[in-house]
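Number of protein chains: 2
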Amino acid sequence: MSDPISVADPEHARALYEPLTQSVRRLVDLTIRSEADDDAVRRAHRLVDEAAALLGSRVAPGSFGIRSDAAGRPMPWGNVAIGVRNAIAPPLDVHRDSDGRATADLVLGAPYEGPPGQVHGGVCALVLDHVLGATAHHRHQTAFTGTLTIRYVRPTWLGALRAEAWIDREEGSKTYAVGHLLGPDGEVTAQAEGVFIRPRSAR
Amino acid sequence: MSDPISVADPEHARALYEPLTQSVRRLVDLTIRSEADDDAVRRAHRLVDEAAALLGSRVAPGSFGIRSDAAGRPMPWGNVAIGVRNAIAPPLDVHRDSDGRATADLVLGAPYEGPPGQVHGGVCALVLDHVLGATAHHRHQTAFTGTLTIRYVRPTWLGALRAEAWIDREEGSKTYAVGHLLGPDGEVTAQAEGVFIRPRSAR
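Here the protein sequences come in this chain order: A and B. Residue numbers for the first sequence, in my numbering: 557 to 759. Residue numbers for the second sequence, in my numbering: 557 to 759.
Next up, the structure:
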């Protein structure tokens, strides 16, 4: 099989797939909230299957993985938190300071619901895991989560959120990170502590 | 606005929406893994937008919430872990014993990836949060996560997984639950402890 298009020409692939992913993200939301009449839902279903058949005409085996572009920059496009081709991802746009501090603003709507009107506690954990983990990234290498503890101090309402994380201390390959999730009103809704481990290849 | 169809006739709505959700789930996967030619991707994109327009012809405001059927049974169809209308949800099919023990078998593919070939640590947390939380459910009422701690003991490879949780002890409105995630080979990949709190209305 020839090189996947996304490796051969990342800019072209991003222009092709990022808007598609945004449309699929919208479709996920509408599949939950639609109250269209039966006929419209059935027609929509057929269109989704047609779209899947087109996309499925050629498929990479396995998962997307973390491919690199020609310059060696990682392209984690399938990643469930940040992947530009993953419609599950909000996606998180994590900003990382030179001192390792990481921040992400995001909006979570109906597809991320747990208790009525609230973000699922597990989704809060997913966001915090990723943003705390980002503090431990060195030279674009992934850090694996060792331990993660989340304290849910008040409901996290669906809407605009901010996740913030910073390094408490580093010991060898381990980064001890702390952080929190801020709700739409700016109050802390969940606090997190995590230990993240860089594999040997990344040190 | 009249009652949403999903409340008026749950069986009818499930027959309509569950297969659609499965198709959208497949579309999410293919949007990540497709290597179709540009023209096929652009045509798929147009079909997705057409499907979204049909579903969007009538939309419930806000999130799905937890609606109830005529018999008062909860329908958490939008839930990000178990919702039959949420294409993000694997979905988890949680079995709960009379003693509160909860189990779920699931298959996680490309859309749940973090490190290459592995389930994202945050997705492990989402699954464990939900299954541990299920031990604390009384009379179908949601229990809110108070604290959740996950220890990642080895990589969780994408594939067939099992989540198991049981009650360590209960104190008033609090359930102290423990559990783990088992990888495709049956080894424990992540261990979890959680405190789940039932709201006053559920006691």
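Cβ coordinates follow ideal geometry from the N, Cα and C atoms, glycine included.
May I ask you to list the residues that DSSP assigns as paired with residue i?
i	result
glutamine 697 of chain A	A:His694
serine 590 of chain B	A:Val615
leucine 704 of chain A	A:Gly750, B:Ile706
leucine 662 of chain B	B:Leu717
serine 579 of chain B	For serine 579 of chain B, which the question treats as bridged, DSSP gives no partner whatsoever.
arginine 623 of chain A	A:Met631
Report the rounded CA-to-CA distance for residue i versus residue j, giving the unit in angstroms.
i	j	result
methionine 631 of chain B	isoleucine 622 of chain B	6 Å
arginine 759 of chain B	glutamate 591 of chain B	In this prediction, arginine 759 of chain B has a pLDDT of 45, which is less than 50 and means its spatial position is unreliable; nothing more can be read from the coordinates.
alanine 690 of chain A	proline 575 of chain B	37 Å
serine 579 of chain A	glutamate 727 of chain B	46 Å
aspartate 653 of chain B	proline 566 of chain A	50 Å
arginine 710 of chain B	alanine 616 of chain B	42 Å
arginine 614 of chain A	arginine 599 of chain B	14 Å
glycine 673 of chain B	alanine 626 of chain B	44 Å
alanine 778 of chain A	tyrosine 732 of chain A	Missing from the structure shown is residue 778 of chain A; chain A here goes from 557 to 759 and no further.
serine 562 of chain A	proline 646 of chain B	Residue placement at serine 562 of chain A is poorly supported in this model, since its pLDDT is 48, which falls under 50; the coordinates are not used for a value here.
valine 650 of chain A	threonine 705 of chain A	20 Å
serine 624 of chain B	alanine 643 of chain A	28 Å
alanine 637 of chain B	tyrosine 668 of chain A	9 Å
leucine 572 of chain B	glycine 656 of chain A	48 Å
alanine 748 of chain B	glycine 639 of chain B	23 Å
glycine 612 of chain A	glutamate 606 of chain A	10 Å
leucine 583 of chain B	valine 604 of chain A	7 Å
aspartate 724 of chain A	arginine 581 of chain B	39 Å
threonine 577 of chain B	histidine 568 of chain B	15 Å
arginine 589 of chain B	threonine 587 of chain A	21 Å
histidine 845 of chain A	arginine 629 of chain B	As displayed, chain A neither begins before 557 nor continues past 759, which places residue 845 of chain A out of reach and without an answer.
valine 675 of chain A	threonine 701 of chain B	11 Å
leucine 610 of chain A	leucine 610 of chain B	20 Å
Can you name, in chain order, every residue of its own chain whose Cβ lies under 6 Å from the Cβ of residue i, other than the five neighbours on each side?
i	result
aspartate 559 of chain B	Reliability of the predicted coordinates at aspartate 559 of chain B is poor, the pLDDT of 44 falling under 50, and the value obtained from them is presented with this limitation in mind. Closer than 6 Å at the Cβ level, and outside the excluded window around aspartate 559 of chain B, lies no residue.
leucine 683 of chain A	Before going further, note that residue 683 of chain A is valine rather than leucine in the sequence given. Ala719, listed in sequence order.
glycine 742 of chain B	none
alanine 658 of chain B	Val650, Arg652, Val687, Ala690, Thr691, Ala721
threonine 703 of chain A	Val751
For residue i, I'd like the list of residues in its chain whose CB is within less than 8 Å of its CB, leaving aside the five on either flank, ordered along the chain.
i	result
glycine 678 of chain A	Gly670
proline 740 of chain B	Trp713, Gly715, Ala716, Leu717
tyrosine 708 of chain B	Gly677, Cys680, Thr745, Ala746
glutamine 619 of chain B	It should be noted that the sequence gives serine, not glutamine, for residue 619 of chain B. Within the same chain, serine 619 of chain B has close Cβ partners Gly634.
arginine 648 of chain A	Sequence check: residue 648 of chain A is leucine here, not arginine. Correct list, in chain order: Ala637, Ile638, Ala660, Leu662, Val683, His686, Val687, Ala719.
leucine 738 of chain B	Leu717, Arg718, Ala719, Glu720, Val744, Thr745
aspartate 595 of chain B	none
valine 597 of chain A	Ser590
Would you mind reading off the limits of the beta strand (DSSP E) that contains residue i?
i	result
aspartate 724 of chain B	715-727
valine 675 of chain A	First-last for valine 675 of chain A: undefined, no H or E at that position.
tyrosine 732 of chain A	730-738
isoleucine 753 of chain A	744-753
aspartate 653 of chain A	Segment: none, aspartate 653 of chain A is in no beta strand (DSSP E) and carries neither H nor E.
Apart from the five residues just before and just after residue i, which ones in its own chain have a Cβ nearer than 7 Å to its Cβ?
i	result
glycine 665 of chain B	Asp585, Leu714
alanine 692 of chain A	Ala699, Thr731, Ala733, Phe752, Arg754
alanine 608 of chain B	none
arginine 570 of chain A	Val640
histidine 736 of chain A	Glu720, Val744, Ala746, Gln747, Ala748
arginine 756 of chain B	none
The stretch 739-759 of chain A: positions lying closer than 8 Å to chain D by Cβ: The displayed structure is made up of protein chains A and B, and chain D is not among them.
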